[in-house]
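The sequence shown begins at 68 in our numbering and counts up one residue at a time. Yeah, the Cβ is synthetic: ideal placement off N, Cα and C, and Gly gets one too.
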Amino acid sequence: MSINETLTNELVELDKKHFIHPTSSIKEQQENGPAIIFKEGKGVYLTDIEGKKYIEGMASLWNVNVGYGRTELAEAAKEQLETLAFASSFATFSNEPAIRLATKVADMAPGDLNAVFFTSGGSESNDTSYKLVRHYWKIKGQPNKTKIISRERAYHGVAVGSTSATGIKDFHHMTTSLATGFVHTESFSPEALRKTIEAEGADTIAAFIAEPVQGAGGVNIPPDGYFQEIRKICDEYNILLIADEVITGFGRTGKMFACEHWGIVPDVMLLAKGISSGYIPLGAVVVRDHVHQDFINLSEGTLLHGFTYSGHPTACAVGLKNIEILERENLVQNSKEMGALLHEKLRAFQSETNIVGEVRFLGLIGALEIVKNQQTNERFSEKLAPQIITEARKRGLILRTVTFGDSDTIVFAPPLVINEEEVNELVSIL
Ligand code: PLP
């Protein structure tokens, strides 16, 4: 047995015994062990402990936007860890990386989204925003405005609040107790939103939350005009608009923030993933001036909400360097161009095969539908996308599927550094 095989066997056994994987089948893990044990990454490629190389077609979890192996980010972390690894941001304490990153995010964010609360990830950003918008209405003398309307097929995370906002029902099945005050509405229908608001009563609703492009729900891109209409409806009924840009922020869709495609400014914007390209856990909640000003004018006592790691100096130092790379290397433009190329090449599968239905992309986030009948969009009774991605993986390409409901979908979100040659390699493996 080679050294590699001995190491693999040892790690597989330890994994089964001690490591409960997030979002996993615990039974399958016990039967088969981990499918891949990753060891290193460079650019768009990952290598496992046996030396096999893969293209990461999903930037891991839609997050490694600047690609793997960036020594600059390692150096930024090292320098900050050695200078001041951690310091509290609670109450009146602060630190320079957090102040600089808040300022940078405020500069980049659309419109007057200018004040930033830091978290360690997307679920924390979501739950923070629900508490902040409820607090907002409370101090404005409307304590009954508490409900959050979210959308069917939405994904907002796995904390109790964000699970409740999530509209993919499969995520609700694990537990019987979800948070109260969450209402779901049809995904791309302004009229359905209007009806939901009327049915619930606008004076009971704090906010409407939406992902600009739904990610985990199957990469669903809104029709033109949808978000402009949504913005109007929220204003008309005095409801705050929360844009969950956890996946779409920092260049994923070919704009720095996806809201820019439609020229709308949400009242609250949620960030994570691309803010640090996954090099370190980090997230943020950004609020507009009018919300911040009301907090300043009306909030009394202590805002009793803060994570130990809100404003973590090392996480913020890495976030700052990550954004510097994103800007310096024009990765938002690359996302737009390589996204268009990948889209075009995958669309060619519609005529080259008889099982590819709709292919949709916005920048470097996209989906390809597997269908039994290209005319009627009828699905196979046994889903094919999982089999396809298993075969792709054997050939060195990592992708992901969406299979809940009637979906039989392959989704794509490669690192924003992908180049033409790597797009071709991805497509030829597929
Ligand atoms: N919001 C959106 C749109 C997401 O896609 C995700 C994660 O995929 C989250 C929130 C939750 O983020 P996290 O997994 O960092 O808690």
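Spell out the partners DSSP gives residue i in its beta bridges.
| i | result |
| --- | --- |
| Q281 | N287 |
| T242 | According to DSSP, T242 bridges with nothing at all. |
| H251 | S217 |
| R355 | L180 |
| D115 | F105 |
| L464 | I122 |
| I477 | L435, T468 |
| F275 | I216, L308 |
| G110 | Y135 |
Rounded to the nearest angstrom, how far is the Cβ of residue i from that of residue j, given a contact under 8 Å?
| i | j | result |
| --- | --- | --- |
| S127 | G284 | That pair is no contact at about 19 Å. |
| K124 | L464 | This sequence places Gly at residue 124; Lys is not what is there. Going by Cβ atoms, the distance from G124 to L464 rounds to 6 Å, so yes, they are a contact pair. |
| E191 | G341 | 16 Å between Cβ atoms; not a contact. |
| I276 | Y304 | Not a contact, Cβ separation roughly 15 Å. |
| V335 | I309 | 4 Å |
| R467 | V484 | No, R467 and V484 are not in contact; Cβ-Cβ is about 19 Å, not under 8 Å. |
| Y200 | A274 | Going by the sequence as given, residue 200 is Val instead of Tyr. Indeed, because the Cβ distance is near 4 Å, the residues count as touching under 8 Å. |
| A169 | V354 | At roughly 11 Å, the Cβ-Cβ gap does not stay under 8 Å, so A169 and V354 are not in contact. |
| G282 | G406 | With a Cβ gap of about 14 Å, G282 and G406 do not count as contacting. |
| G373 | S343 | With a Cβ gap of about 19 Å, G373 and S343 do not count as contacting. |
| V280 | L180 | With 8 Å as the limit, V280 and L180 do not qualify as a contact, their Cβ atoms being about 18 Å apart. |
| V286 | G433 | 6 Å |
| L413 | V494 | 7 Å |
| A339 | G189 | 4 Å |
| I306 | A259 | No, I306 and A259 are not in contact; Cβ-Cβ is about 14 Å, not under 8 Å. |
Take the Cβ of residue i as the centre, count every other Cβ of all protein chains shown within 10 Å, and call the residue buried at 16 or more, exposed below.
| i | result |
| --- | --- |
| Q295 | exposed |
| H85 | exposed |
| F185 | buried |
| E98 | exposed |
| V172 | buried |
| K236 | exposed |
| H357 | exposed |
| E146 | exposed |
| K388 | buried |
| N132 | buried |
| H239 | exposed |
| G330 | exposed |
| A266 | exposed |
| I297 | buried |
| D174 | exposed |
| A59 | The chain is shown from 68 up to 497; residue 59 falls before or after that span and cannot be answered. |
| L497 | buried |
Between the options, which has its C-alpha nearest residue i's C-alpha?
| i | options | result |
| --- | --- | --- |
| A144 | P348, E265, G188, Y222 | P348 |
| G248 | L180, K212, Y112 | K212 |
| F317 | N364, T90, N397, K94 | N397 |
| A221 | E487, E488, F471 | F471 |
| L435 | L409, V332, E449 | L409 |
| S448 | Q441, D473, T457, K461 | D473 |
| I390 | S377, W129, E139 | E139 |
| K94 | D82, I104, F105 | D82 |
| Q360 | G188, I206, N132 | I206 |
| V79 | F238, S92, I103 | I103 |
| L148 | N181, H379, I392, K120 | H379 |
| A232 | H240, T242, H251, M241 | H251 |
| H88 | S402, P101, E77 | P101 |
| I422 | G406, N440, I314 | N440 |
| R319 | A169, I116, V438, E278 | E278 |
| S272 | I331, Q442, S217, E142 | The question names Ser, but residue 272 is Ile in the sequence shown. Measuring from the Cα of I272, the nearest candidate turns out to be S217. |
| Y112 | S91, G134, S92, N130 | G134 |
| F428 | A176, E253, P289 | P289 |
| S256 | F105, E312, M241, Y293 | Y293 |
| M323 | A165, I363, K198, L431 | L431 |
| G118 | L74, E445, T150 | L74 |
| S91 | M241, E458, W129, E267 | M241 |
| Y376 | N401, A152, S229, S244 | A152 |
| E67 | R462, V469, N71 | Missing from the structure shown is residue 67; the chain here goes from 68 to 497 and no further. |
| K106 | N130, N71, L337 | N71 |
| A246 | I215, A259, K262 | I215 |
| V352 | D115, D311, G368 | D311 |
| W129 | I496, E487, P482 | P482 |
| G136 | E411, I392, I363 | I392 |
| D302 | R460, R261, I363 | R261 |
| L370 | E77, F157, T150, T114 | F157 |
Report yes if the C-beta of residue i is less than 8 Å from at least one heavy atom of the ligand MG; otherwise report no.
| i | result |
| --- | --- |
| H88 | In the structure shown, the ligand MG is absent; the only ligands present are the ligand PLP. |
Q: Can you check the region 298 to 351 for any beta strand (DSSP E) of at least 3 residues that lies completely inside it and give the ranges in chain order?
A: Complete beta strand (DSSP E) runs here, min 3: 307 to 311, 335 to 338.
Q: Could you pull out every unbroken beta strand (DSSP E) segment of at least 3 residues lying fully inside the region 398 to 445, listed in chain order?
A: Listed in chain order, the complete beta strand (DSSP E) runs (minimum 3 residues) inside the region 398 to 445 are 423 to 429, 432 to 437.
Q: Identify every run of the beta strand (DSSP E) within the region 129 to 208, keeping only runs that are complete inside it and at least 3 residues long; order them along the chain.
A: Counting only runs of 3 or more, we get 180 to 186.
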